[in-house]
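Scroll down for the structure; my scribbles are underneath it.
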Amino acid sequence: PRAMPTGRAGGGRLHRCTACNHESVGAFAHALHVQKHYYGGNETKNPANTVFIALPQTNNPTMSFQPSGHFDGARPGFVFKMGPQGLGYYTDPLQKQPPEESCRERSRDRDRGRDGERDRTRDRSRDRDRDRSRRGDDRDRHGHHDRRKDDRDREYDRDRRRDCDRGRGYSRDRDDYRSRDRDRGRDRDRDRSQRSSGERRDDRGRRRGDDDGDRHQKRARLNECGDTTAVDAAASATSADSEESMFRFTAAQVAERFVEVFGLPSKRRKESLLECLDVNVIEVVAVGNEEVLAEGKEELELHCTSVPIWKAEAVKRLYVEGNKPADPTYCVDFYLKGQAPGWGLEGLASEAAERSDIWVLYVVQDNKVKRVYVGDDTQRLGRKPGVSEEDIFGTDVFMKVLDIAIRPGGITGTDISKHYHDYTKIEVWG
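As structure tokens, then:
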């Protein structure tokens with residue numbers, strides 16, 4: 001902003017307006033005139049060449065006049081009014097003026113500030129020292145705990161070594177006790193076996209003596225009567241009674257045992273298989289031409305040793321027996337392809353992949369298999385579903401079994417019992 005001074009009048013400086021050539025005395029009056037142009041009035045409104053003069057403002061409390069173009073809030077010790085120097089804040093004699101701060105007070109305040117900063121610095125340094133000492137105490141405390149932990153670890157290791165030594169001693173003692181107990185057990189078993197063998201020997205001698213005595217008495221009585229045939233009849237009756245008192249296993253039970261042992265991976269598999277066979281007299285015979293396919297103890301033992309393990313299972317079974325206990329029993333098992341327990345159309349099968357379905361006849365006497373007949377299941381009775389008991393008794397297989405059973409050395413009784421089981425139609429309860 002600029003003003004155009006034109007001269008002095010009444011002690012004030014003249015200012016001329018550039019818009020309307022109006023002359024004002026004093027800068028403040030000229031400013032009021034310019035504001036009248038700007039905010040509206042009789043003169044030109046907001047001319048482009050109008051110059052607005054900003055008046056300086058100050059809040060210095062030491063000045064008696066503080067110019068201000070508008071009321072800017074109350075100021076302590078001043079009043080806002082239009083005065084001889086223009087519009088602004090003038091000192092109010094009715095208000096108490098704020099005391100002026102002396103240089104001494106200012107220097108004292110500065111010294112207090114410095115002292116306060118120095119105290120804060122000293123406090124901070126003291127806090128740092130305290131923190132250092134606390135950290136040092138923590139390190140000492142941790143070191144103490146570490147040392148105690150090391151001591152505990154050493155004590156634990158020492159105790160563990162001592163326990164290990166004690167355990168070794170206990171183990172040695174237990175081994176000694178076990179070996180001593182084993183020796184005692186062996187001695188006890190040896191004494192028991194010797195005693196039991198002696199008792200069995202005595203029992204056999206006693207029974208033999210009783211039997212001899214009974215036999216002598218019977219013979220003496222019969223000699224008195226003069227009938228020697230009665231003696232033989234009594235002896236045969238005695239032997240028959242002894243045989244009946246023993247356990248008897250049918251052909252179905254022995255065949256089931258043989259099939260079960262054949263499919264089990266046991267260490268005694270060979271011995272268990274041979275227990276079911278009478279290896280001294282057994283023969284494997286073909287049904288059609290009565291050809292002996294395998295026989296002898298060596299061949300059967302070799303087969304039982306080398307034959308691999310596979311799943312053997314009979315799907316149907318036919319059982320025939322007589323009314324005399326001393327007669328052999330007969331069992332026919334029907335096997336599907338690859339499920340026969342080591343039997344085949346060529347005798348002994350060393351592989352499970354048999355070419356066709358077969359049926360096997362077991363002849364059992366005195367709990368041993370005496371003979372095995374192998375035939376081809378041409379009628380597919382094992383594979384055919386729904387084969388009833390009447391159907392199986394009218395087949396060629398049953399006729400061949402009856403022909404073998406009534407041969408010399410077979411069934412000698414007058415009554416023949418027959419049983420049939422279909423294992424593919426087993427009812428399940430539950």
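If you use my numbering, the sequence shown corresponds to residues 1 to 430, in order. For each residue, glycine too, the CB sits at the ideal point set by N, CA and C.
query: Which listed residue (Q85, A252, D165 and E390) has its alpha carbon closest to that of P67; result: Q85
query: Nearest-angstrom Cα separation, counted from I416 out to D333; result: 19 Å
query: Residue closest to V315, alpha-carbon to alpha-carbon, out of S24, T305, V387 and V363; result: V387
query: Identity of the residue in V360, R269 and E321 nearest H303 by Cα; result: R269
query: Through-space distance from A19 to Y89, alpha-carbon basis; result: 30 Å
query: Which listed residue (R383, T412 and Q379) has its alpha carbon closest to that of F398; result: Q379
query: Rounded separation between G116 and D129 - CA only; result: 20 Å
query: Extent of the continuous beta strand (DSSP E) run through S388; result: Element bounds for S388: n/a, residue is neither H nor E.
query: Cβ pair count under 8 Å reaching 3, the segment 253-270 against the segment 287-294; result: no
query: Contact between the segment 356-375 and the segment 326-344 (3+ Cβ pairs under 8 Å); result: yes
query: As assigned by DSSP and simplified to three states, the class of C164; result: helix
query: Reference G263; option with closest CA among E313, Q253, E271 and C276; result: E313
query: For D181, the three-state DSSP class (helix, strand or coil); result: helix
query: Y335 vs K418 beta-carbon contact at 8 Å; result: no
query: Distance between R16 and G73 (C-alpha atoms, nearest Å); result: 32 Å
query: D357 beta carbon less than 8 Å from that of K337; result: yes
query: Close-in-space but distant-in-sequence residues of the same chain around D403 (CB under 8 Å, 5 per side omitted); result: none
query: I392 vs Y373 beta-carbon contact at 8 Å; result: no
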